[in-house]
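Sequence order for the protein chains is A and B. Residue 1 is where the first sequence starts when you use our numbering, and the numbers rise one by one after that. Residue 1 is where the second sequence starts when you use our numbering, and the numbers rise one by one after that. Please read the structure below before turning to the comments.
There are 2 protein chains.
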Amino acid sequence: MIYCLLGGGEGLRKGFIKRVALKGMEKFNLKGDLNTSIEVFKACPTFAGLNRDQIYEIASFSSSHRFKKGEYIFHQGDPPHFFYVVQKGIVKTFKVSSHGKHIIVKIASFGDTLNASALFGERHFVTAQAIDEVVVLSIKKKDYLFLVEKYPIIAMNIVSILGKGLDNEYERILDLVGETVEQRLCHFLYMLFSKFGTTLLLTREELAELAGTTTETSIRVLSKLKSAGIISSSRGKIIILDQAKLQSLAQHSHQ
Amino acid sequence: MIYCLLGGGEGLRKGFIKRVALKGMEKFNLKGDLNTSIEVFKACPTFAGLNRDQIYEIASFSSSHRFKKGEYIFHQGDPPHFFYVVQKGIVKTFKVSSHGKHIIVKIASFGDTLNASALFGERHFVTAQAIDEVVVLSIKKKDYLFLVEKYPIIAMNIVSILGKGLDNEYERILDLVGETVEQRLCHFLYMLFSKFGTTLLLTREELAELAGTTTETSIRVLSKLKSAGIISSSRGKIIILDQAKLQSLAQHSHQ
DNA sequence: CTAGTTATATGATTTAGATCATAGTGAAAT
DNA sequence: ATTTCACTATGATCTAAATCATATAACTAG
């Protein structure tokens with residue numbers, strides 16, 4: 001019911017977007033942009049409690065990559081080579097079942113990590129895909145593990161982030177079992193609103209994959225919300241008009 | 001689909017039950033039973049990679065508590081004071097939604113932890129209840145955090161356990177969204193069988209709370225399995241007769 | 001030993017939401 | 001500018017599983 005935005009509770013200092021000027025190059029080692037990446041790591045709860053010098057050290061291990069809309073950052077099942085933090089844009093991570101069903105695991109933006117725990121295992125648990133123009137910072141697995149070992153607080157941070165993340169998923173399961181589709185959809189809309197503000201860049205299909213329903217039902221419910229004046233929308237974009245009503249619908253679905 | 005037993009992937013050295021002789025006392029500090037508790041902590045993946053002396057040290061911080069069938073070990077929402085590992089018996093942890101729906105989070109037995117991550121937060125995420133006669137070992141929060149700080153490998157272990165646990169929950173969500181109730185029920189029966197062997201001590205209601213369905217449907221499906229000779233059962237007990245068939249039903253539900 | 005409580009059993013009814021099917025629509029591409 | 005493709009829209013149908021309802025069996029507490 002009160003499970004927070006699917007950012008795993010990670011990173012979210014709002015209105016904190018840094019201007020970056022990186023065009024043409026697919027990958028590059030930061031020099032002039034070190035300041036930018038320091039801001040990203042500072043915003044990342046994984047590194048909470050580290051001082052400026054330590055954040056600087058971490059940033060110096062990172063390099064930057066950009067991805068165009070639709071491009072994949074890594075795939076479920078691949079062995080993980082990098083740790084990723086989002087610097088710019090929106091990334092979704094999702095899982096696919098053997099029957100082809102998709103569920104979205106997380107909608108990540110500035111300061112959110114994509115795979116905090118995967119580097120401790122053999123495989124990526126999820127697939128990460130750019131929703132719009134995206135820049136991520138990456139740290140080599142080896143370096144990342146070195147840093148975790150050097151600064152034990154990082155592991156502690158991850159434990160508490162993952163713990164909350166797990167609890168979030170239990171809440172999601174409770175909703176899946178107990179709430180109506182409409183409630184769930186409104187719930188996710190509200191969560192996304194809390195994280196991203198009134199304008200959401202996602203399709204009904206993606207919303208369906210968050211709420212665990214079908215594209216058709218997602219479309220139907222959103223049409224209803226539109227008629228009721230709670231949202232407006234265009235292709236791939238949803239604008240929240242009446243947050244209060246949305247929130248109330250997330251609690252008690254009025255048929 | 002292949003998500004493992006709800007023990008969070010933690011602890012499971014089978015046929016490893018230690019005889020304990022502790023009657024009458026509700027709590028006591030181990031002396032003669034130190035050996036017993038060392039075995040428990042050795043079986044607990046949270047402490048993997050620690051040597052015998054270190055395990056000994058950990059065990060020396062622990063004390064033992066027993067709970068009768070139905071008794072609560074801790075409650076969702078309470079501030080956590082202890083870290084718990086199961087020494088004997090079966091404990092279920094579960095969550096309740098605002099509408100009163102239950103989901104079982106974990107069925108824990110010998111060597112499984114009950115709240116690996118809660119001690120890093122403010123509240124217990126779940127409620128823990130004894131399913132039968134239970135003995136747990138507990139370590140004071142302060143001592144536990146001291147140990148985690150002293151032996152960084154513990155935090156690393158927890159990270160990888162929680163990471164796997166999270167992935168398990170994603171799989172559970174995928175199943176909830178994509179598979180039939182029969183498949184899910186068979187799936188959980190099979191997982192429980194893998195962990196506990198042919199005899200399972202749980203009610204249809206508890207099984208329903210694992211699979212995210214109602215008690216009635218759980219009863220109906222189990223009746224069917226009974227007629228088909230796949231299980232036999234008595235009150236609060238299920239005996240797996242045909243594992244192969246069960247496994248196949250978990251994959252493709254036959255009508 | 002009996003009453004009370006908890007688990008199992010099954011039948012009848014309802015319904016939310018999936019599924020199938022077809023069509024319109026805006027954006028991007030060549 | 002018209003073809004293409006990915007989104008949105010909506011209608012018709014179907015069904016798995018929830019809900020409601022009632023009964024019996026088994027355990028356990030007084």
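Note that beta-carbon positions come from the ideal geometry of N, C-alpha and C, so glycine has one too.
Exposed or buried, what is residue i when buried is set at 16 or more other beta-carbons lying within 10 Å of its beta-carbon?
i: Q251 of chain B; result: exposed
i: F67 of chain B; result: buried
i: K150 of chain B; result: exposed
i: A244 of chain B; result: exposed
i: E10 of chain B; result: Low confidence applies to E10 of chain B: its pLDDT is 36, below 50, so where it sits in the model is not reliable enough to give any reading.
i: I239 of chain B; result: exposed
i: S160 of chain B; result: buried
i: T198 of chain A; result: exposed
i: K142 of chain B; result: exposed
i: Y170 of chain B; result: buried
i: R123 of chain A; result: exposed
i: R204 of chain B; result: buried
i: Y72 of chain A; result: exposed
i: P79 of chain A; result: exposed
i: D33 of chain B; result: buried
i: N51 of chain B; result: exposed
i: F146 of chain A; result: exposed
i: S223 of chain B; result: exposed
i: S117 of chain B; result: buried
i: K237 of chain B; result: exposed
i: E216 of chain B; result: exposed
i: R172 of chain B; result: buried
According to DSSP, is residue i part of a helix, a strand, or is it coil?
i: L147 of chain A; result: helix
i: I240 of chain B; result: strand
i: L114 of chain B; result: coil
i: K226 of chain A; result: helix
i: A108 of chain B; result: strand
i: A59 of chain A; result: helix
i: F67 of chain B; result: strand
i: F94 of chain A; result: strand
i: E171 of chain A; result: helix
i: L162 of chain A; result: helix
i: L201 of chain B; result: coil
i: K23 of chain A; result: Residue placement at K23 of chain A is poorly supported in this model, since its pLDDT is 32, which falls under 50; the coordinates still yield a value, given next. Reduced to three states, the DSSP call for K23 of chain A is coil.
Along the chain, where does the beta strand (DSSP E) that runs through residue i open and close?
i: K88 of chain A; result: F82 to K88
i: L137 of chain A; result: V134 to K140
i: T36 of chain A; result: Counting along the chain, T36 of chain A falls outside any beta strand (DSSP E), though it belongs to the alpha helix (DSSP H) covering L34 to K42.
i: I73 of chain A; result: Y72 to F74
i: L130 of chain B; result: A small correction: the amino acid at residue 130 of chain B is Ala; Leu does not occupy that position in the sequence shown. Element bounds for A130 of chain B: T127 to A130.
Between which two residues does the alpha helix (DSSP H) carrying residue i extend?
i: R184 of chain B; result: V181 to F196
i: S253 of chain B; result: Element bounds for S253 of chain B: n/a, residue is neither H nor E.
Should residue i be listed as close to the ligand PLP, given that the test is whether its C-beta is under 7 Å from any heavy atom?
i: V91 of chain A; result: Of the ligands one can find in the structure shown there are none, so the ligand PLP has no counterpart to examine.
Segment contact, 8 Å Cβ cut-off, at least three pairs: the segment 89–104 of chain A with the segment 123–131 of chain A: Below 8 Å, enough C-beta pairs join the segment 89–104 of chain A and the segment 123–131 of chain A to call them touching: three or more.
Touching by the beta-carbon criterion (3+ pairs, under 8 Å), the segment 102–112 of chain B and the segment 94–114 of chain A: no
Sufficient close CB pairs (3 or more, under 8 Å) joining the segment 37–46 of chain B to the segment 54–64 of chain B: Taking 8 Å as the limit for Cβ pairs, the verdict is that the segment 54–64 of chain B does touch the segment 37–46 of chain B.
Stretch pair the segment 175–184 of chain B + the segment 195–212 of chain B: three plus CB contacts closer than 8 Å: Three or more pairs of CB atoms, one per stretch, sit closer than 8 Å, so the segment 175–184 of chain B contacts the segment 195–212 of chain B.
The segment 190–197 of chain B touching the segment 213–230 of chain B, judged by at least three CB pairs closer than 8 Å: no
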